Amino acid sequence: MTSVKSKQQGSVLTQKLHSKRQLFIPIAALLVLILVNLINDPSFFAIKVGTNSTGDPVLSGNLITILDNASELAILAIGMTLVTAASGGQDISVGATIAIAGSVVLRVLCGTEARPETLQAPIIVAFLVCCVVSMLFGAFNGALVAYFKIQPMVATLILYTAGRSIAAWINNNALPIISEPSFAYYGNFIPGIAIPTPVFIAIACMIIIALVLKFTTLGLYTQSVGINPHSSRLNGINPEFIKFITYVILGLCVAVAGFIKVSRFSTINYSVVAKDIEMDAILAVALGGNALSGGKFSMAASILGAYVIQFLTTTLYTFKVDSSALPAYKAVVVIILVVLSSPVAREKMAKLWKKVAPAKTAKEAN
Amino acid sequence: MQEGAVLEVRGICKNFPGVRALQGVDFTLREGEIHALMGENGAGKSTLIKVLTGVYTKDDGQIFLKGHEGPVHIKSPEDAQNAGISTVYQEITLCPNLTVAENMYIGRTKGPFTNWRAMNRRAGEILRSLEIPASPTQQLGTCSIAVQQMVAIARAVDMECKVLILDEPTSSLDEQEVRKLFKLMLDLKAKGVGIVFVTHFLEQVYEVCDRITVLRDGQLVGEYVIEELPRVQLVSKMLGKELNDMAALDKGETVSEKEDRGVPVLEAHQLSSTEGIKPFDFQIYKGEVNGFTGLLGSGRSECVRAIFGADKTTGGTVKVNGQEVSIKKPRDAMKYGIGYLPEDRKRDGIVGDLSVRDNIILALQVLRGFFRPISRAQAEAYADEYIKLLEIKTASSETPIKALSGGNQQKVILARWLLTNPNYLILDEPTRGIDIGTKIEIQKLVLKLAAEGKSVTFISSEIDEMLRTCSRLLVMRDRKMVGELTGEDLQQDKIMATIAGGESAS
Amino acid sequence: MKKLIALLLALMVMFSLGACGSKETTDSTANNDAAATDDAAATDDAAATDDAATEDTGDTGAADGELIKVGIINNDPNESGYRTANDADMKAVFTEENGYDATYAYSLKNDEQIAAAQKFVQDEVDYLLISAAGTAGWDSVLMDAQNAGIRVILFDRTIDADDSLYAASIVSDMALEGETAVNWLADQGLDEYNIIHIQGVMGSAAQVGRTGALDEMVAANDNWNLVTQQTAEWNAETAQQIVQSVIDSGEEFNVIYAENDDMAKGAVAALDKANISHGVDGDVIIMGFDCNKWALEELLAGNWNYDGQCNPFQASYIDEIIKGIENGQEPAEKVVIMEEKGFDAATITQEDVDQYGI
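Protein chains in written order, with the working numbering: chain A, 1 to 366; chain B, 1 to 506; chain C, 1 to 358.
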């Protein structure tokens, strides 16, 4: 009897560790990156208070750069996590739809002029229009995946290929530039506040998603749809609608990310803006230890994954890795991280842990 | 080998880890006969077929074929083909985007070149001789399912097979198509081909077959000439119940019928669904336990799925407490206080990676709605309550449900529905694949629920289990409701006679 | 509700397809029109030769005021500002007023371009103008063109084919662009050059040319140092991050050599954030390429120091060559390298901005 009990206690322990283990990989990766930088040059972590060219106080330093530049990726990781969990696939069109979102913002703000002296519409209107358009494109992807049962990667391939052309078409191939300084606040600094605005926006998004997950059943529904759509349906959930809605939510994330992107430079370059960001967003989800085939997810781990990716990028810049070798370095690190966070590897580690753990629990039981 | 036999199998054994799928099975197929292979799920029919066609290799035993000296060794499907054993599976394994002729000759042309004209001509001859309404150059996908099925048979025939195995060929065919197929089978029989026919439609067996071999739990029950085995006997052999051994059953425990039953909790009239069941009537009263019975594939699950809205209904009306309602999807049924424990636990019941806790609260959560999540603490309390109540053996409520044993998984699903406090609970095979102890617990629970005034529909393959719990049985045969048994009639032989239909039912 | 959404989506899909479709149809009608005029021209031609049976038909085209048929194969104008300007320039020059009947085909894919060329050969255009997406695979179609008596002029990009297969090739010399820029930088006479070098997509012609000149100079001079050399893949934001990381590491630098305007802009954003002065009279020299209009304005405002041109205006060169051939003059050189300027903040004028900004 006691043996059964201790065995059960042991598995309770591993169970608890299991839920925490998903956060373990991105945290461990972060620690390794911190350690490497600490050894290389401790001043990597220095944060300085300075002023920018307009005389406003700003914080600077690598950590601020990482927090700032990872914002869009973190926001996208939120939506990508939900899409992955519910539909068991990824949206590869987010980079292209960011171009569309940004283009819409500029179109609303600039009207048909390329270089307007004054804004043609309030910024909030531009943002809202951008949200609506992005959610419509998200809905387009979602409908293809949920109702037409097209493989997510194939369904989103359509906008992946066409998105940037659509973005250019929205502004008649022109590259509008906004001179109004208040528009740049969202991608840079609000005068008087020393922390970059994107950091606040990202935090706001995280708080919102945390509240949504706490005060709605979105988390439970997406996970059960992702794990077993048949039983979900028999329990009264509408699997198609849940899949659909996750793509719409991702559309909203894309809108916010796109808005930040155009605000950073007050303009857009359709062909390179947010290039390859979809891959980084998918990577963030994978780094968070979430199965790309859907099902259970950890939102916190995905978001942390996004910061790990940016941390890695910034680290590689400070190491001044040769340009042509940069992708190779990134690939090696990514391979290691992804393999470590894969379910198979985690299973192995869990077994390894069990080998060590029973000795301990047995002692405790005695 | 026996005189006139084309295929003889002696003492075949096949083991899988933990399962003895075939234990010394004998089987004999004679020239020019149609031989039915019968048995419930897990009886070993498909294992035997797979051994014969080389998909599995046998562990022990011998296979003899006409024209071969000594036992033959079938190690791959190719070996089987060369030995003259052809198989047509339930799901058509041909290529719909190729032509009929190409499908008939695919993988059989020698060398890199194909003589298309010769191939089409030869295919045309065979199709004509078998009276199959298809042209050799037609794309297979444009033919009806039945014709595709026949093309598959034609392909087998052209390989000059002596043994043709038809594995559930009629399950996706309509009445007329079945006629055509039978005609083809009789033609082939006249040509001396031995046909093994696997089906769960009793009527069809008695229509075309000459002999029946019954398997049960991996063992041979016996081989019978069709005239000598009445249907009711066949059913009893398949289910493994002798006709008179249920007299001892204690009927006192079952819920007695109440005189005044009032308005039915649920009443269905001429309900039908996309799953091909014939329209049926159904009602259940407060505190009643009734059940659907019938052989596997007879349509009992489809009936309850139609009631719950799990399959799309195509006609009929449903009343809940006398009010006409529209149940289009499971959510609708749940709102009217109906719960459904599905037959296929793995596919339709559990949400594997989710914790026991989340699995328990799932249905209640959906009923509460999207914006009213059950708090973590509340969920914890619910889970603990039911883990204790149903004695679910789990490390914790955090454990993923897939880590539990089948019986405990089933209890979690039961807990899920009990938590929603349903008025009417449908339990489709709740006791399948779980240990005896748990089975009895579940039966007791069903009776307890009924005593509390809830209504339960109970489906089980085990008739004595049904007899122990149900006060009324609805009998299904070939996707049709064929009878309703209550009171005195609730006896095993009556039930089996109704299941079997035909001469003994009348 | 669900159905409504599905319906809306379906409509949206149809609309978007329709949008693409309509574009497509205008294209194809353009082609049809071209085909129609082609037929008309052919009959006219026949009539003309009938009328003047004894005349040498060699130079009838321009002399009789007939339109010269040109087929223009270009990259997608959405690809970049450079390409947009290039396409607009083509459309401005090859007009009916200038005596041309021009048909356009756009693709970023080599095989699609070759197919388009094949079609133009069948349509019997007089001249085939190609900005190739890829360098390989053009031989056979150019051979066909030659056999059909069609003259080929390459612009903007060269291909791997025998130079007898085309009449001329009008290209930018990216290495020369780099050299011009590096020479300008050397002329600034700084004591020490600590350069942040931001590269384009590795391996692209522009990157290779613009990097080469700088690398040579750095190798040859002790007072030229590369603080960092990273690719930002033409992306402003990445460039900003690269410069940011140098600033954060506290290293000294006084030149930013960015291989296009976007990346220079990103670099400047990082400097602004750290309050490091740049441009004329600033601490850091800013160099960019491509001469976007907004970039030249930055120059005019003294925020940047140098912008190298990558001339997208090849149309007038081509026009000249075609007119020459029509009058029996072969171009003097097969490879025509376009004149490309480098603008200095000290000397740039508003006229320059208007004329050369793209």
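Just so it is clear, CB atoms sit at the ideal spot from N, CA and C, and this is done for glycine as well.
Note that this is a predicted model, so its numbers are computed, not measured.
{"query": "Output the distance between the C-alpha atoms of residue 97/A and residue 178/A, rounded to the nearest integer angstrom.", "result": "21 Å"}
{"query": "If you run the structure through DSSP and keep just helix, strand and coil, what is residue 36/B?", "result": "strand"}
{"query": "Distance, Cα to Cα, residue 274/C vs residue 247/C?", "result": "8 Å"}
{"query": "So, is the C-beta of residue 326/A closer than 8 Å to a C-beta in chain C?", "result": "yes"}
{"query": "My parser needs the beta strand (DSSP E) runs of 3 or more residues fully inside the region 81-126 of chain B; what are they?", "result": "85-88"}
{"query": "Pull out every residue of the region 207-220 of chain A whose Cβ sits closer than 8 Å to any Cβ of chain B, in chain order.", "result": "214, 215, 216, 217, 218, 220"}
{"query": "Is residue 77/C close to chain A, meaning its C-beta is less than 8 Å from at least one C-beta of that chain?", "result": "yes"}
{"query": "Provide the residue span of the beta strand (DSSP E) that contains residue 290/B, from first to last.", "result": "289-293"}
{"query": "Tell me whether the beta-carbon of residue 492/B lies closer than 8 Å to the beta-carbon of residue 468/B.", "result": "no"}
{"query": "Under 8 Å, do residue 184/B and residue 150/B count as touching if we go by C-beta distance?", "result": "yes"}
{"query": "Against residue 138/B, what residues of chain A qualify as contacts under a CB-to-CB distance less than 9 Å, listed in chain order?", "result": "Under the 9 Å cutoff, chain A gives no residues; its nearest Cβ is about 29 Å from residue 138/B."}
{"query": "Pick helix, strand or coil for residue 368/B, following the three-state DSSP scheme.", "result": "helix"}
{"query": "Quick one: any contact between the region 241-255 of chain A and the region 130-148 of chain A, if contact means 3 or more CB pairs under 8 Å?", "result": "yes"}
{"query": "So, is the C-beta of residue 243/A closer than 8 Å to a C-beta in chain B?", "result": "no"}
{"query": "If the cut-off is 7 Å on Cβ atoms, which residues from the region 199-212 of chain C count as contacting chain A, listed in chain order?", "result": "199, 202"}
{"query": "If you draw a straight line from the C-alpha of residue 173/A to the C-alpha of residue 306/A, how long is it?", "result": "32 Å"}
{"query": "Could you work out which residues of chain A lie near residue 262/C, taking near to mean beta carbons separated by less than 8 Å?", "result": "269, 272"}
{"query": "Taking the beta strand (DSSP E) that residue 151/C falls in, what are its first and last residues?", "result": "151-156"}
{"query": "Say whether the region 204-217 of chain B touches the region 298-311 of chain B, bearing in mind that this needs 3 or more beta-carbon pairs closer than 8 Å, one atom from each stretch.", "result": "no"}
{"query": "What does the alpha-carbon distance come out to for the pair residue 155/C and residue 140/C?", "result": "19 Å"}
{"query": "Could you pull the start and end residues of the beta strand (DSSP E) that residue 71/C belongs to?", "result": "68-74"}
{"query": "Assuming residue 60/B and residue 124/B form a contact by the criterion Cβ under 8 Å, report the distance between their Cβ atoms to the nearest whole angstrom.", "result": "The pair is not a contact, with the Cβ atoms about 45 Å apart (cut-off 8 Å)."}
{"query": "Note the first and the last residue of the continuous beta strand (DSSP E) segment covering residue 185/A.", "result": "Residue 185/A -> no beta strand (DSSP E), and no H or E assigned at all."}
{"query": "Could you check the C-alpha separation between residue 397/B and residue 290/B for me, to the nearest Å?", "result": "33 Å"}
{"query": "Return yes when the Cβ of residue 109/A is within less than 8 Å of the Cβ of residue 183/A, no when it is not.", "result": "yes"}
{"query": "Taking Cβ positions only, does residue 234/A come closer than 8 Å to chain B?", "result": "yes"}
{"query": "Under 8 Å, Cβ to Cβ, is there at least one residue of chain C near residue 58/A?", "result": "yes"}
{"query": "Can you tell me where the beta strand (DSSP E) holding residue 317/B begins and where it ends?", "result": "313-320"}
{"query": "Rounded to whole angstroms, what's the CA-CA distance from residue 352/C to residue 311/C? Just pull it up for me.", "result": "13 Å"}
{"query": "Straight-line CA distance for residue 478/B to residue 147/B?", "result": "22 Å"}
{"query": "Residue 248/B to residue 458/B, Cα distance in whole Å?", "result": "Any answer about residue 248/B is weak, because its pLDDT of 37 lies below 50 and its placement is not dependable; what the coordinates show is given next. One C-alpha to the other measures close to 22 Å."}
{"query": "Whose C-beta lies closer than 6 Å to the C-beta of residue 166/B among residues of the same chain, with five residues either side of it excluded?", "result": "88, 197"}
{"query": "Taking the beta carbon of residue 159/A as the centre, do at least 16 other beta carbons fall within 10 Å, making it buried, or is it exposed?", "result": "buried"}
{"query": "Measuring straight from C-alpha to C-alpha, what distance separates residue 251/B and residue 450/B?", "result": "A caution first: residue 251/B carries a pLDDT of 37, below 50, which makes its placement in the model unreliable, though a value can still be read off. Residue 251/B and residue 450/B: Cα-Cα distance of roughly 16 Å."}
{"query": "Are there 16 or more other CB atoms within 10 angstroms of the CB of residue 73/B, so buried, or fewer, so exposed?", "result": "exposed"}
{"query": "Rank 222/B, 118/B, 329/B, 195/B by C-alpha distance to the C-alpha of residue 231/A and give the top, closest one.", "result": "329/B"}
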